[in-house]
Amino acid sequence: MTVQTVLDFLFQLAPKDYAMSWDNVGHLLGRREAPVTRVLVALDTTPDVAKEATALGCQLIVTHHPVIFNPIRHLTDADPMTRTALHLLEQGIAVISMHTNLDCVPGGVTDELARLLDLERVEILPNGAQPGVIRVGEVAPTTLPEFAALVKARLGCEGLRCTDGGKPVRRVAMCGGAGMDFIEQVMRSGCDTFVTADVRYHEFQEVQIRGLNLIDAGHFQTENPICTLLRGKLAAAFPEMEVLLSKHGDCIRFF
Ligand SMILES: [Zn+2]
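Start counting the sequence shown at -8; every next residue gets the next number (our numbering).
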């Protein structure tokens, strides 16, 4: 196996064309033909994850968030991001990132979130050429506090933020990570509840006035389940390769 073999497999799983136009996905760091026997799967390429991959003797890190997103003008040890990239190159570790293509693909980030939260009769809200990142489905009718407790337990959140739109929970929309760009689409879909992350105060306020329950369950918590799923898929596809899951968690703590 090489970085190329793993890249081909991942693009079969989450086609490149499904990524948003502003995104940066695929093989973003290191040598394409480098042999791979050990892979680390993580949500982000943080300095801690880079150290972890080095200590574990991995040749490849597979992440959800792109290791390089904004154009870089130097590759030196002058700032943390390029320092991490430089460290990985020096250690011969490549990085592949599957971002918005993995968010929207059937069986990807948001579908995994919907599965974990027992969403039934799940539909994909379309979004132009891409499959769309929002999933809408039904749950057994319940109250907001009960549903929020389920979200918290299933996603392993230390805490979560919600606003009560004054409706029982039955028809639920979901979007892993920052989903508020899609709020109008969600409002039109006839949902009573939306589960996403990175919600601002005024967004909570407006949505509450419009009568929608809104749950911010955390960016890490709504997306990280994909890492376990990816680990399983890579291990099944490449039995001779060792696929490990990063032990690093959310950078946000509740006190
Ligand atoms: Zn994200």
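Note that beta-carbon positions come from the ideal geometry of N, C-alpha and C, so glycine has one too.
Between the C-alpha atoms of Asp39 and His239 there is a straight-line separation of about 7 Å. With contacts defined by Cβ atoms closer than 8 Å, Phe173 and Val113 do not form a contacting pair. The alpha carbon of Ala144 has as its nearest neighbour, out of Leu107, Asn118, Gly99 and Arg23, the alpha carbon of Leu107.
Taking all protein chains shown into account, Tyr9 has 16 or more neighbouring C-beta atoms within 10 Å of its C-beta and is therefore buried. Note that the C-beta distance between Leu19 and Val96 is not below 8 Å. In the structure shown, Asn92 falls within a helical segment according to DSSP collapsed to helix, strand and coil.
The nearest non-hydrogen atom of ligand 1 is less than 7 Å from the C-beta of Glu214.
In this structure, DSSP gives Gly223 a helical state, which the three-state scheme calls helix.
Ranking Arg29, Thr36, Phe0 and Thr154 by CA distance to the CA of Leu77 puts Thr36 first.
Distances taken from the Cβ of His55 to the heavy atoms of ligand 1 include one shorter than 7 Å.
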